[in-house]
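Protein chains in written order, with the working numbering: chain P, 7 to 468; chain B, 1260 to 1672.
See below for the structure under consideration.
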């Protein structure tokens, strides 16, 4: 959690309504306060040294793109609220089903490989310095074989990273400020936020809660959580996450085929985020490359975070086919390679050793077990909200449950749930205006916490 | 990379900034040349004194702390998920206490990362494309290359070997490797690496005072790269030793060359709270936002290793490797000096900067490689100011350093 936010949480009045209130934040620079609609929403809590210390100012202008950002990144804000709540109720047993943070220990086959590599680094034969920026050869080959066998994605198409969030930003640096982009609405906030930072967007439009120049592809129950492509204008880049965070919806083969066609007609590039693919229960595609023609229009980003509990260990990858070319025929992978060599220096070698163990036969089995555990959690949460008469979405193919609270502000529902059950969730509007009226409940948690949380939900909503 | 046979082109324009880059990033280029050479001479014993890659094993105390931490991730009590994006609290504190004691740097101003190369890019994303930058010439190529990528520069000019819109601050024997600041144009950002990669020059206190004053007068921000500070025999290690620096400087550093963490990946950036933009907005707030949005923290295992490095026993162990490399540097310095060559650096940095007046450094690089099977780095890879120089790193097993010295003596005498 942001230390700045941490510092603030102790100075904010403990009552929920006042900490959402603008007035108590007088001492805080409020240039980025977002008050969507009539509700005080997410506040960019910005710590400012007191006036007398800022007498000297440099003559360097603040990057105006940073000024466009409306609020803090979503998840540190959730963490801040959780911390404030825990201060307010020091005896409450707060349960976190907010940030999608894995909770179960990493299987031993994986950690022992990392321990082994760590020790090896203290030996003459085993010590390695800089690794290839694209990742260790063995790991790249193993990822290609495990996830892309028979899909025509090879070892050298794989770029190992320290996770999807870092990859998304490096991709934005690759694309530059002149590209246009489309995102699902709602979606994982890093796509939009990194786009703003890189200068691809216009200002935030408070009335519609959207940044100018981004095409928001609404995904709601009405359209089965797949965008109406006929209503989407052409953009250069299309970010598409499936299974989706936060809605949990996994696009069908037919839908992804249409998406690829759409991209092909428009000459667009799909950035397909498959971080949750292992959670798919049905026979929905796990990779965009299962769709014929996808290699000419897409790249895929994925991660070990939610498969192996690597949220803190940090390991992921991006696959860029050789066939993916810019309008002048230049291969996208070649420029991405340059970015990776210049702006990055490879994922930690110890994490990569863990990754290699992850994709060993024993590791894959172990990952499936952990994923299976979280999927059971998801079932419990789905059943709970179903039994309470809510319209419940997601959950089947993803570790997220997307619950509809018609006519209500999602931050209000978030606050109410937090206040009355001490359970942290995530308000849907944090993922885009299309998330308004929804709450995301993540299924990462110890079984007893998930059960307890569900007991409390049943109490609150019976 | 083979151009596709499928002939389908998307309609997405290639980022013009990427197009502007002239060459491969320097170090992969050196790797490639090494590979080609090895293939050409499969029986030759190639010695790499090129890329500044550490070679000595990690001290056991550090490796075992990481092994223990990794294993603890398999236990319910020890498992950790997402860490704070800014880094583990204890580690931030240890960094502040170890490197910035009595300099008024708080834990909350330390941002742990996966290394300087990544931090430099994140700083460039923070600054945006509307910044003007100054770099030392020669310097670590990432400052310029990331500047080009982000869109801060104009086109490359072949005649001068420079990108437009960058202020190149020449650092050579003529000016004791410290730029002539009065002659330097104002820029928003000044990248300054000391001890310098590649020249090895560590700026004196007086020189750094000049730099800070220059930045203050111009309202500029210094990005001070102190990755090699532990190699300093004598002189300031941190920019924050200079009064007033907190208002004008960011410091970037790394465990890579301190602890052999080149593959483990761990570093940090210090952004003082007093550093504010022209509108009074604190730089730290925006950097924090970048770190939370474009990054997800350094690997927790690497951070555990970092903490072990900064323990009293750990730091002792780590410094023993640093001294080993400094001994290597001494050996190399003596070798070149004994051959009558003008040699710089080597005393406060693990790099030796050898002058071959009137030469083209790529030619010298090739000749050394061909005749002695030793990889170095041609100075012009670091900027036009490096044109007549060769950088030799002091990272290597002692026997290789000694062997290399022998070969160089034979070849160059």
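Ideal Cβ placement from N, Cα and C applies to all residues, glycine included.
{"Query": "Mind reading off the beta-carbon distance from residue 1650 of chain B to residue 1612 of chain B? Whole number of angstroms is fine, and I expect it under 8 Å.", "Result": "6 Å"}
{"Query": "Using only the alpha-carbon positions, how far apart do residue 75 of chain P and residue 242 of chain P sit?", "Result": "22 Å"}
{"Query": "Could you work out which residues of chain B lie near residue 75 of chain P, taking near to mean beta carbons separated by less than 7 Å?", "Result": "1548"}
{"Query": "How many angstroms separate the CA atom of residue 207 of chain P from the CA atom of residue 177 of chain P?", "Result": "16 Å"}
{"Query": "Start and end of the beta strand (DSSP E) containing residue 304 of chain P?", "Result": "304-309"}
{"Query": "How long is the line joining the alpha carbons of residue 167 of chain P and residue 311 of chain P, rounded to whole angstroms?", "Result": "12 Å"}
{"Query": "For a cutoff of 8 Å on Cβ pairs, would you count residue 220 of chain P as touching chain B?", "Result": "no"}
{"Query": "For residue 339 of chain P, count neighbouring C-beta atoms within 10 Å of its own C-beta (all shown protein chains included) and say buried if the count is 16 or more, exposed if not.", "Result": "buried"}
{"Query": "CA-CA distance, residue 220 of chain P and residue 1272 of chain B?", "Result": "17 Å"}
{"Query": "For the beta strand (DSSP E) that residue 1508 of chain B lies in, which residues bound it at each end?", "Result": "1508-1513"}
{"Query": "Within 8 Å (strictly less), CB to CB, does residue 1304 of chain B reach chain P?", "Result": "no"}
{"Query": "Using the three-state DSSP reduction, which class does residue 1377 of chain B fall into: helix, strand or coil?", "Result": "helix"}
{"Query": "Excluding the 5 residues flanking residue 1385 of chain B on each side, which residues of the same chain have their C-beta closer than 7 Å to its C-beta?", "Result": "1545, 1546 and 1549"}
{"Query": "With a threshold of 16 other CB atoms inside 10 Å of the CB of residue 1423 of chain B, please say whether the residue is buried or exposed.", "Result": "exposed"}
{"Query": "At a CB distance below 9 Å, what residues from the stretch 1475-1500 of chain B approach chain P? Give them in sequence order.", "Result": "1475, 1477, 1478, 1479 and 1480"}
{"Query": "Report yes or no: is there a C-beta of chain B within less than 8 Å of the C-beta of residue 385 of chain P?", "Result": "no"}
{"Query": "Quick check on residue 1414 of chain B - is its C-beta less than 8 Å from some C-beta in chain P?", "Result": "no"}
{"Query": "Along the beta strand (DSSP E) that carries residue 190 of chain P, what are the first and last residues, could you check?", "Result": "187-191"}
{"Query": "Helix, strand or coil for residue 223 of chain P, going by three-state DSSP, please let me know.", "Result": "strand"}
{"Query": "What in chain P is Cβ-close to residue 1668 of chain B, meaning under 9 Å?", "Result": "Those do not exist, as residue 1668 of chain B stays about 27 Å from chain P at its closest Cβ, beyond 9 Å."}
{"Query": "Flag residue 143 of chain P as yes if its beta-carbon sits less than 8 Å from any beta-carbon of chain B, otherwise no.", "Result": "no"}
{"Query": "Going by beta-carbon coordinates alone, are residue 1313 of chain B and residue 1654 of chain B separated by less than 8 Å?", "Result": "yes"}
{"Query": "According to DSSP, what are the bridge partners of residue 1422 of chain B?", "Result": "B/1415"}
{"Query": "Using the three-state DSSP reduction, which class does residue 1437 of chain B fall into: helix, strand or coil?", "Result": "coil"}
{"Query": "Please state whether the Cβ-Cβ distance between residue 1492 of chain B and residue 1606 of chain B is less than 8 Å.", "Result": "yes"}
{"Query": "Using a cut-off of 8 Å between C-beta atoms, extract the partners of residue 1537 of chain B located in chain P.", "Result": "63, 64, 65, 66, 67 and 68"}
{"Query": "Taking residue 1277 of chain B as the reference, which of P/61, P/135, P/180 and P/169 has the closest Cα?", "Result": "P/180"}
{"Query": "Within a Cβ cutoff of 6 Å, which residues of the same chain sit near residue 1531 of chain B, ignoring the five residues on either side of it in sequence?", "Result": "1368 and 1505"}
{"Query": "Taking the Cβ atom as the reference point for each residue, do residue 65 of chain P and residue 1298 of chain B lie within a distance shorter than 8 Å?", "Result": "no"}
{"Query": "Could you pull out every unbroken alpha helix (DSSP H) segment of at least 4 residues lying fully inside the stretch 1356-1404 of chain B, listed in chain order?", "Result": "1375-1386"}
{"Query": "Please check if any C-beta of chain P sits within less than 8 Å of the C-beta of residue 1576 of chain B.", "Result": "no"}
{"Query": "Can you pull the chain B neighbours of residue 199 of chain P, defined as C-beta to C-beta under 7 Å?", "Result": "1552"}
{"Query": "Thinking C-beta only, is residue 102 of chain P closer than 8 Å to residue 430 of chain P?", "Result": "yes"}
{"Query": "Reducing DSSP to helix, strand and coil, say where residue 1614 of chain B ends up.", "Result": "strand"}
{"Query": "Taking the C-alpha atoms as reference points, what is the distance between residue 107 of chain P and residue 373 of chain P?", "Result": "16 Å"}
{"Query": "Return the chain-ordered ranges of every alpha helix (DSSP H) run that is complete within the stretch 300-382 of chain P and spans a minimum of 4 residues.", "Result": "311-314, 338-349 and 355-364"}
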